[in-house]
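A.B. asks: Structure in structure tokens, see below.
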Amino acid sequence: MGEEKSDLSRAFSEDGARKTHVGGQALIEGIMMRGKYNWSVAVREPAGEIYVEEHDLASGRKKNGWLHWPLVRGCRALVESLVLGFKALEIAAEHAFAEEGDEAEEAGEGPSRDRAGSPARRPAGSAGAPAGGEGEAPGAAGAFSWKDDFGRPDTMIDALGAQTTLEVVGGPDAAGGEGAGAPCDEGAPEAEKKSFLDQEAEFGKGAMAVSMVLGLVLGVVLFIVAPAFVTNLLVGEYDQNTVLWNVVDGLLRVAVFVFYLWLIGRMAEIKRMFGYHGAEHKTIHCYEHGLPLTPENARSFPRLHVRCGTAFLIMVMIIAILVYTVTPINGLIAAWGVPDGAPKLALVILVRILLMPVIAGISYEITVRWAGSHPENPLVKVVLWPGMQMQYLTTNEPDDGQIECAIAAMQRVLEREEAEAAKVSGAPSSTRGGDGMEQAEPAV
1 MGEEKSDLSR AFSEDGARKT HVGGQALIEG IMMRGKYNWS VAVREPAGEI YVEEHDLASG
61 RKKNGWLHWP LVRGCRALVE SLVLGFKALE IAAEHAFAEE GDEAEEAGEG PSRDRAGSPA
121 RRPAGSAGAP AGGEGEAPGA AGAFSWKDDF GRPDTMIDAL GAQTTLEVVG GPDAAGGEGA
181 GAPCDEGAPE AEKKSFLDQE AEFGKGAMAV SMVLGLVLGV VLFIVAPAFV TNLLVGEYDQ
241 NTVLWNVVDG LLRVAVFVFY LWLIGRMAEI KRMFGYHGAE HKTIHCYEHG LPLTPENARS
301 FPRLHVRCGT AFLIMVMIIA ILVYTVTPIN GLIAAWGVPD GAPKLALVIL VRILLMPVIA
361 GISYEITVRW AGSHPENPLV KVVLWPGMQM QYLTTNEPDD GQIECAIAAM QRVLEREEAE
421 AAKVSGAPSS TRGGDGMEQA EPAV
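Here our numbering is used: the first residue of the sequence shown is 1, the next is one more, and so on.
Encoded structure:
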């Protein structure tokens with residue numbers, strides 16, 4: 001036995017006793033962390049400071065309890081992750097490349113910023129950007145301009161209408177009204193801000209929907225249509241050898257996925273992002289072991305984690321092989337008299353697309369609900385092994401600056417968890433220490 005354990009063996013053997021539901025996502029020069037009640041983004045700005053922003057999570061469980069049923073909840077979680085990931089990436093892009101935003105701030109019209117050191121909360125009423133847009137944004141005119149505004153993350157975040165579904169968590173908005181954010185609009189009435197959001201919300205939802213649809217279409221083409229087409233060339237018609245067809249198709253999907261991750265991992269920006277992914281894992285490890293959240297403590301943990309979403313993606317591809325094999329597509333082909341060639345292949349692809357929610361639901365129940373809760377189970381280690389191997393591609397060893405970002409994002413989530421727990425128990429919630437790093441012990 002070697003002196004030094006691999007990250008894989010350490011991730012299994014050193015999983016912390018305190019299991020947390022907090023998860024995250026690596027961003028452009030930053031991290032998004034998500035808890036029960038809120039999600040936060042911490043981004044390293046070009047000047048070196050850490051910008052932190054947090055939002056409430058709006059749970060629709062009371063109105064739509066069926067979305068939390070087994071199998072259904074996996075699809076809901078996947079869609080929620082896509083939507084939150086999209087917004088988090090927009091926020092990160094705005095602040096990781098903040099030169100334009102800084103110019104607007106110098107003009108007195110930029111959004112108020114939260115920066116760590118000891119990050120303060122973002123004023124309420126701003127959802128990723130000020131309601132009236134930045135200095136050169138068409139705040140006065142109130143009309144969205146494709147020429148001037150499209151591609152500007154701050155204005156696009158406004159246009160997404162996030163405040164219709166997400167609220168920014170508190171801050172200095174009580175006694176002083178809009179507080180630090182107020183001067184940027186001088187005498188402009190609050191109604192103007194709301195009308196701007198109202199006018200742009202519909203466009204924003206459409207823009208986000210188009211971006212997500214385009215991403216999904218690319219994913220379907222890359223991971224469903226292309227492998228199915230190649231499999232048809234290699235194996236022949238689907239109903240001639242169904243089991244072999246599905247196995248080859250599944251292996252091709254996995255190969256495309258692995259190659260895709262390896263290829264983008266060669267890019268400098270993605271390498272940095274994968275470093276933030278490693279920082280996310282180390283920070284969560286640190287919390288789960290009950291240690292204070294400091295770069296020194298977090299650095300000692302492995303960059304792999306048994307509850308990483310990468311395992312979910314791999315499980316999706318494995319479960320897909322089984323689901324596609326037992327689905328009676330051959331019966332449909334025979335009953336409808338589907339001819340060989342393109343019509344039969346089109347039917348197979350269509351059925352695969354329609355079964356995606358079922359596969360996502362099953363995969364979620366296995367990887368998140370079962371395996372994530374029983375990492376010590378030997379069978380779980382077998383089930384998670386492929387996904388754990390993939391994390392060698394999707395994580396890199398982070399530097400201390402990346403870990404600091406992960407800690408800043410994690411702090412906001414833990415503070416909110418602690419505050420909500422204090423409301424229930426009636427006990428006062430603790431605050432961060434003087435070094436700006438929250439002591440994780442009391443946050444449950």
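Here a beta-carbon is modelled for each residue, glycine too, at the ideal position from N, C-alpha and C.
Classify Glu53 as helix, strand or coil using the three-state DSSP reduction.
C.D. replies: Numbered from its first residue, the sequence shown carries residue 53 at position 53. Note: Glu53 maps to strand in three-state DSSP.
A.B. asks: Nearest to Val413 by alpha carbon, out of Thr310, Ala42, Glu4?
C.D. replies: Counting from one through the sequence shown, the residue named residue 413 turns up at place 413. It is Ala42 whose Cα lies nearest to the Cα of Val413.
A.B. asks: Is the beta carbon of Lys87 less than 8 Å from the beta carbon of Glu237?
C.D. replies: The residue labelled residue 87 in the question sits at position 87 within the sequence shown. The residue labelled residue 237 in the question sits at position 237 within the sequence shown. Contact flag unset, no.
A.B. asks: Which residues bound the beta strand (DSSP E) around Asn38?
C.D. replies: Against the sequence shown, residue 38 aligns to sequence position 38. 38 to 44 is the span of the beta strand (DSSP E), which, as asked, contains Asn38.
A.B. asks: What is the residue span of the beta strand (DSSP E) that Met33 lies within?
C.D. replies: Walking along the sequence shown from the start, residue 33 turns up at place 33. Start and end: 30 to 34.
A.B. asks: If I measure Cβ to Cβ from Gly85 and keep anything under 6 Å in the same chain, skipping five residues before and after, which residues do I get?
C.D. replies: Walking along the sequence shown from the start, residue 85 turns up at place 85. Cβ neighbours of Gly85 beyond the five flanking positions: Gln25.
A.B. asks: Between Ala320 and Val382, what straight-line distance do the alpha-carbon atoms span, to the nearest angstrom?
C.D. replies: Indexing the sequence shown from 1 puts residue 320 at position 320. Indexing the sequence shown from 1 puts residue 382 at position 382. Rounded to the nearest angstrom, the two C-alpha atoms are 18 Å apart.
A.B. asks: If you draw a straight line from the C-alpha of Asn330 to the C-alpha of Asn64, how long is it?
C.D. replies: Taking the sequence shown and counting its residues from 1, one reaches residue 330 at position 330. Taking the sequence shown and counting its residues from 1, one reaches residue 64 at position 64. Rounded to the nearest angstrom, the two C-alpha atoms are 36 Å apart.
A.B. asks: Could you confirm whether any beta carbon from chain C is found closer than 8 Å to the beta carbon of Gln391?
C.D. replies: In the structure shown, chain C cannot be found, because there is only a single protein chain.
A.B. asks: Got a sec? Which residues, its chain only, sit under 6 Å from Leu71 by beta carbon, not counting five neighbours each side?
C.D. replies: The residue you call residue 71 lines up with position 71 of the sequence shown. So the qualifying residues of the chain are Gly361.
A.B. asks: Does any heavy atom of the ligand HEM sit closer than 7 Å to the C-beta of Val368?
C.D. replies: The ligand HEM is absent from the structure shown, which contains no ligands of any kind.
A.B. asks: Pro357 to Ile31, Cα distance in whole Å?
C.D. replies: Working through the sequence shown from its first residue, we reach residue 357 at position 357. Working through the sequence shown from its first residue, we reach residue 31 at position 31. Approximately 27 Å, taken between the alpha carbons.
A.B. asks: Within the same chain, show all residues whose beta-carbon is closer than 8 Å to that of Trp262, passing over the 5 residues directly before and after it, in chain order.
C.D. replies: On the sequence shown, residue 262 is found 262 positions in, with the first residue counted as 1. Excluding positions up to five away in sequence, the list reads Leu393.
A.B. asks: Can you tell me the Cβ-Cβ gap for Ala96 and Glu29, rounded? I've got them flagged as a contact below 8 Å.
C.D. replies: For the purposes of this step, residue 96 is identified with residue 96 of the sequence shown, where counting begins at 1. For the purposes of this step, residue 29 is identified with residue 29 of the sequence shown, where counting begins at 1. Correct: roughly 4 Å between the Cβ atoms.
A.B. asks: In terms of residue numbering, what span does the beta strand (DSSP E) encompassing Gln25 cover?
C.D. replies: As a working note, residue 25 is residue 25 in the sequence shown. Residues 23 to 27.
A.B. asks: With Ile224 and Ile353 assumed to form a contact (beta carbons below 8 Å), what rounded beta-carbon distance in angstroms separates them?
C.D. replies: Working through the sequence shown from its first residue, we reach residue 224 at position 224. Working through the sequence shown from its first residue, we reach residue 353 at position 353. Ile224 to Ile353, Cβ: 6 Å. Contact.
A.B. asks: On the CB-based measure, 16 or more other CB atoms within 10 Å of its CB, does Gly133 come out buried or exposed?
C.D. replies: For the purposes of this step, residue 133 is identified with residue 133 of the sequence shown, where counting begins at 1. Unreliable positioning characterises Gly133 in this predicted model, as indicated by a pLDDT of 34, which lies under 50. The coordinate reading is nonetheless provided below. Gly133 is buried by the Cβ-count criterion.
A.B. asks: What number of angstroms, rounded off, separates the C-alpha of Ala371 from the C-alpha of Gly337?
C.D. replies: In the sequence shown, the residue the question calls residue 371 occupies position 371. In the sequence shown, the residue the question calls residue 337 occupies position 337. Their backbone Cα atoms lie some 42 Å apart in a straight line.
A.B. asks: I need the straight-line Cα distance from Ile349 to Ala334, nearest angstrom please.
C.D. replies: As a first step, residue 349 must be located in the sequence shown, where it is residue number 349. As a first step, residue 334 must be located in the sequence shown, where it is residue number 334. Each residue's alpha carbon lies about 17 Å from the other.
A.B. asks: Under 8 Å by Cβ, that's how I've got Thr20 and Tyr287 pegged, so tell me the actual separation to the nearest angstrom.
C.D. replies: By 1-based counting over the sequence shown, the position of residue 20 is 20. By 1-based counting over the sequence shown, the position of residue 287 is 287. Yes, Thr20 and Tyr287 are in contact; Cβ-Cβ is about 6 Å, under 8 Å.
A.B. asks: If you draw a straight line from the alpha carbon of Thr367 to that of Ala311, how long is it in whole angstroms?
C.D. replies: For the purposes of this step, residue 367 is taken as residue 367 along the sequence shown, with counting starting at 1. For the purposes of this step, residue 311 is taken as residue 311 along the sequence shown, with counting starting at 1. Those two C-alpha atoms are separated by around 7 Å.
A.B. asks: Quick check on the DSSP output: what are the complete alpha helix (DSSP H) runs of length 4 or more inside the segment 362 to 409, in order along the chain?
C.D. replies: DSSP runs (the alpha helix (DSSP H)) wholly in the segment 362 to 409: 378 to 394.
A.B. asks: At 4 residues or longer, what runs of the alpha helix (DSSP H) sit wholly inside the segment 244 to 304?
C.D. replies: As far as the segment 244 to 304 is concerned, its whole alpha helix (DSSP H) runs of at least 4 residues are 268 to 288, 295 to 299.
A.B. asks: Can you tell me whether Lys19 is helix, strand or coil according to DSSP?
C.D. replies: Walking along the sequence shown from the start, residue 19 turns up at place 19. Coil, per DSSP.
A.B. asks: With a threshold of 8 Å, are at least 3 pairs of Cβ atoms found where one atom belongs to the segment 282 to 301 and the other to the segment 43 to 54?
C.D. replies: No: the two stretches stay apart, fewer than three of their Cβ pairs being nearer than 8 Å.
A.B. asks: If I'm right that Leu57 touches Trp69 with Cβ under 8 Å, what's the distance once you round it to whole angstroms?
C.D. replies: Translated into positions along the sequence shown, residue 57 becomes position 57. Translated into positions along the sequence shown, residue 69 becomes position 69. So it is not a contact: roughly 19 Å between Cβ atoms.
A.B. asks: With a cut-off of 8 Å, do at least 3 Cβ pairs link the segment 5 to 21 to the segment 398 to 408?
C.D. replies: Output reads no: the segment 398 to 408 does not touch the segment 5 to 21.
A.B. asks: In three-state DSSP terms, what is Asn241?
C.D. replies: In the sequence shown, counting from the first residue as 1, residue 241 sits at position 241. Residue state, collapsed to three classes: coil.
A.B. asks: Since Met390 and Leu8 are thought to touch, with beta carbons under 8 Å apart, how far apart are those beta carbons, to the nearest angstrom?
C.D. replies: Against the sequence shown, residue 390 aligns to sequence position 390. Against the sequence shown, residue 8 aligns to sequence position 8. Not confirmed; about 11 Å, so no contact.
A.B. asks: Going by alpha carbons, who is nearest to Phe12 out of Gly341, Val351, Val306?
C.D. replies: Numbered from its first residue, the sequence shown carries residue 12 at position 12. Cα-wise, what sits closest to Phe12 is Val306.
A.B. asks: Can you tell me whether Gly35 is buried or exposed, with buried defined as 16 or more other CB within 10 angstroms of its CB?
C.D. replies: By one-based count along the sequence shown, residue 35 stands at place 35. By the neighbour-count rule (16 or more Cβ atoms within 10 Å), Gly35 is buried.
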